Amino acid sequence: MPVTGGKIRRSGRVVIALLVILTLVMRPGLEPLAHAATTEVTFTITLPSGFDRADTQAYVAELNGRNDLLSDTIRQELTRHPLEGAPNRNWGDFDGQLTVTGTGISLTIESDQVRTNGSWWSDALIALAALAAALVIRAGCMLAMNSTGVGLVISKPACAGLAAALGTFFMQAIWMYRDGALGDKDRLRRAACLAAAAAIVAAAWEAGIGDYVNPRTLGQFGADVKAVLDSAATAIRGWWSSLATAMTDAGTWISSQMGALGRGIRDAAIELGRYHPSNLRVMPMGDSITVGYGGIGDNTEEYVGYRRELLSRLQAAGHSVDFVGSQDSGAGSIPDTDHEGHGGRRIDHIDDLAECAIRRYRPNVVLLHIGTNDMNRNFDVGNAHHRLAALIRKITNAAPETTVLVSGLVPSQDDAINARIAAYNSRIPDMARTLAAEGRRVRALGMGAVTEADLRDKLHPGQGGYDKMGKTFNTAIIGALRERVIAGPVAGNPSACQMPQPANPAEGWNAVEQISAGYGYPRDWVRFADMDGDDRDDYLIVQDLGQVRGWLNGGDGRSWTWRGELNAGYGYPRDWVRFADMDGDNRDDYVILQDLGQVRAWLNNGVGQSWTWKGELAGYGYPRDWVRLEDVNGDGLDDYVVIQDHGELRAWINNGPGKDFTWQGEINPGYGYPRDWVRLEDVNGDRKVDYLVVQDNGQVRAWLNDLGGRGWIWQGQLIGDVGVDRNNVRLADVNGDRKTDYLGIGPLGQIGAWFNDRYPGGPTPGNPTPVDPGPPPASPGEGWNHIVQISAGYSYPRDWVRFADMNGDDRDDYLILQDLGQLRGWQNDGTGQGWTWKGELNPGYGYPRDWVRLADMNGDNRDDYVVLQDLGQLRAWQNDGDGTRWTWKGELNPGYGYPRDWVRLEDVNGDGLDDYLVLQDEGELRAWINNGPGQGWTWKGEINPGYGYPRDWVRLKDVNGDRKVDYLIVQDNGQVRAWLNDLGDRGWIWQGQIIGDVGVDRNNVRLHDVDGDRKVDYLGIGPLGQIGAWFNTRYPGTPDNPPPPFPLPPDWQLPLCVANRCP
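As structure tokens, then:
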């Protein structure tokens, strides 16, 4: 939610806003010695609590020793930035001494001027008051800046500049008031602002002081500035009443002008090109430290962490700030509570959710503090910085305009963890420089301001530590603004990563108004479990002390037979009772979950009327309501599963009667939903429970369980709002197809049902399990002819290398695409193993490398030069021969609003013209057919439903030589799975794995036809463009003798893909 401006918090402002320090300048007042005739006067100056005593002593020693007379030193300090239009003063000479005390500085002056020399003493006292103000400003400035880790090298000149400018302003303003020469107040204000800006620009502004000096801060403390001068006036009124009155009047005017002073400083800085109020859409991203655990607040909803201090500072500097993210916390402490902090998450967990969050909100600044849980758990620590780099690349690929400010981690109170943190932090700056060199907006910052003394527990800061983090992030943002790194925000996509919802809420579900009228028992007594092993859940009532009464399912989920009391109970409360199959006999057993999750069980010996005590089977110290007993691996035995705060799943596998459970670790990272929203049920009939989230109005979102394969496969919303709220939703298989049905329960146990037809197939009679396409190749490279090296490369980075056919000979040539789209090439000599230098083929048109594509737009067999703009608009230059002559063809396609990196240009229908394709989040493929030059594009709709793989795993290339691109998946270690393109007949034909792990990871795999057989070859690319190859012999045939379609299974049944999953 956007918030601009806002009141600055008054607590702790002595450190936060420098000008509040002025309230301390002369609180004890000016203290002339008691005897009226003396020529000695002493000032006592109280400095801010925590001031750097050693630095102050050194500074005072320098002032005392700089000149023979103290008056000369004061004159030097307060006239280095004279006010335009203000009178110049030449007070007389005097000596004195500055001494550091326990609470500040004592300043004593002595002169041969008698007390009655009013003019002399008036000027001297005003100058001394200004010096006192400057000393306090300097001390407070140093304290504030050094607390954020800026360091003395920067803070000393910065704070000196600020102190001199503001001390000068106050001194000369009082003079002008005393003399009645204030005159043109606007002129004075402007002159004061320019003087301050000059000093600040010289040192302080560039060091980060600008965010402390602004209209809101100065305006808020105007009353305190007046109090300073009132205090001084009180101290001298008995001695010099007219001077005291002048100070009082000046204080009143200064108080009224403080806001104008801040505006003038800001305006002056803008004129000097140093400061630009900006529109900031900020995403704080990370783990529980981003949420704010350990700071103010008693629960997740109240935690605010560093965000409070950061927002206050950015608003005070005049920026428009909108915190964004899918999470929400800090209500009551901060007006904008959005963020992307997820407690307990590691780097890889944030990587899983980052792309969707970035595309949905499109922040122009991401504040990234992540890795604490990796260090705490000692998880893949050596590669943590590589995983962090991959996360940042994912963020900046999704939103190239986004600036990522990546922070080192705050320390830990544990020595071993701290050592890991130190090693991790040391690698972040070089990583950030590498990413910046790739053209990404990335900057690193340290969190050295936060020390172990600032921690609330082993890992989390207290609120004071979080405030330091806020200051540090603020300084980083201000620095990035000055570097012109931060771009303006662009519009996000609120529907990013959301799968289409059913056309009607219950599409894919067979609604049955009522399958049971209930038996008069309260709904929270009702359970469903399979008592007789017929794969149909029965209707059970659990009474107060665990007694079980039951009605067996008649078979269709609509009729029920009373079986009486099935179990007399064992004296345990109802909410301790569970039903789960602990021995794999297909019958649910009677289980008691104790306070810390201990499992006690009685085995079901038949139809639920005979039970055998088996003792305590498991327990791992988790609360009862965290534990679920469900089958996660499909072996028929219910496993021990723990759901943590944000839906993360931990599991211990049930190995059968008499055997210990096996720890499996965290099997699902969670998706940020509360524990009581999560259900574990099998929705697709593969006997493994899936991850379901039941929302407020009963809508169900799902991730299919493919552990051991692709993990958890996002399905979107399975069923919408059908009028059942979350508390009344039950999920149980009542019709015997092994797929959970959706039940709504009434107050007295009445049951309405929506039978699950969402997933066709499954192991049900008449609809067998999908046909196995057979094992992967016997060796990873079977069906491919391996050539160790077909090119030694030309010393260009691998991400500059492209392959495309420049001369129409059906062989892709070796190309280099430079920074602004310049194209250099080596022509393929025919075998894919020899290359002839052709020079610069195209000088480029000023577009960045990643905007350029090479595709055949006019069907002449030569690839043209194409530029894809931000929203997929397509501009083209036609290749008129061998790639050295190009004709501008204009904008061929206006785009369809999809981001550039979603678009592919490939031929899906085999007519020789590359079509306009869009790859969506889960690999769904939409197409517009290229009708040829000047003939436009034809919308073909969704031509492939996707198979749940990420977009960047999908490649569209022709593997069987029929001139139509096939659908390929390149996995982590470079293995390729394939579906052949048979659009217009059998659709997409599952091929299984067509090449295995041959030692090339996904990022280094290229797929191009270099040997001229029209079938894509598998290439591995080295860091400087070296190319090794596996020529495609997997599919027989030649261009003039196309291969037959992939052989059908013996029974002529095609492999059946269930819920976008194929075996």
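The opening residue of the sequence shown carries number -18 in our numbering; numbering runs sequentially from there. Idealized CB from N, CA, C, for every residue including glycine. All figures in this text were calculated on a predicted structure; none of them were measured in a lab.
- DSSP, reduced to helix, strand and coil, places G429 outside both helices and strands of the structure shown, so it counts as coil.
- With a minimum length of 4 residues, there is no unbroken run of alpha helix (DSSP H) contained wholly in the segment 661 to 739.
- Taking C-alpha positions only, C337 is separated from D992 by approximately 39 Å.
- Looking at the DSSP output, W918 bridges to N911.
- Using a 10 angstroms sphere on the CB of N1013, the tally of other CB atoms reaches 16 or more, which defines it as buried.
- Closest in C-alpha terms to Q696, from the list H330, E905, D317 and T215, comes E905.
- Annotation: the continuous alpha helix (DSSP H) that includes T415 extends over D396 to A418.
- In the structure shown, the three-state DSSP call for H441 is coil.
- Linking I339 to A380 through their CA atoms gives a straight-line distance of about 7 Å.
- For R805, the secondary structure class from DSSP, reduced to helix, strand or coil, is strand.
- Cβ-Cβ distances below 7 Å link N45 to Q78 and L79 in the same chain, with the five nearest sequence neighbours on each side left out; the list follows chain order.
- Residue nearest to L348 within the set R408, V362 and I270 is I270 (criterion: CA-CA distance).
- Contact between I55 and L116 is absent: CB atoms are separated by about 11 Å, not below the 8 Å threshold.
- Burial check for P265: the Cβ neighbour count within 10 Å reaches 16 or more, so the residue is buried.
- For L937, the enclosing beta strand (DSSP E) begins and ends at V935 to K938.
- Taken through DSSP and simplified to helix, strand or coil, Y571 comes out as strand.
- In the structure shown, the three-state DSSP call for M450 is helix.
- Looking at the DSSP output, Q308 shares a beta bridge with H320.
- When secondary structure is reduced to three states using DSSP, M264 falls in the strand class.
- The beta carbon of V946 is closer than 8 Å to those of E887, D888, V889, L937, K938, D939 and N962 in its chain, skipping five residues each way along the sequence.
- Of the candidates I950, G596, R739 and E464, I950 places its Cα closest to the Cα of P931.
- Looking at the DSSP output, S388 bridges to L426.
- When DSSP states are grouped into helix, strand and coil, S269 belongs to the helix group.
- Between H767 and V986, the alpha-carbon positions lie close to 14 Å from each other.
- DSSP places Y342 in the helix class (H, G or I) of the three-state scheme.
- Close CB contacts of A857 within its chain, under the 6 Å cut and outside five residues either way in sequence, are with M838, D845, V847, K870 and L873 (chain order).
- Cα atoms of Q1007 and R421: separation of roughly 25 Å, rounded to the nearest angstrom.
- Looking at the DSSP output, E763 bridges to nothing.
- For A35, the enclosing alpha helix (DSSP H) covers residues R34 to R47.
- Going by C-alpha positions, A312 is about 30 Å away from Y603.
- If only complete runs of 4 or more residues are kept, the segment 842 to 874 shows no alpha helix (DSSP H) anywhere.
- In the three-state reduction of the DSSP assignment, D513 falls in the coil class.
- Inter-residue distance for G692 and R294 is about 43 Å (C-alpha atoms, whole angstroms).
- Segment contact: the segment 400 to 419 against the segment 433 to 441, fewer than three CB-CB distances shorter than 8 Å; contact not assigned.
- Counting along the chain, the unbroken alpha helix (DSSP H) around H366 starts and ends at A365 to A379.
- Cα atoms of S407 and P875: separation of roughly 47 Å, rounded to the nearest angstrom.
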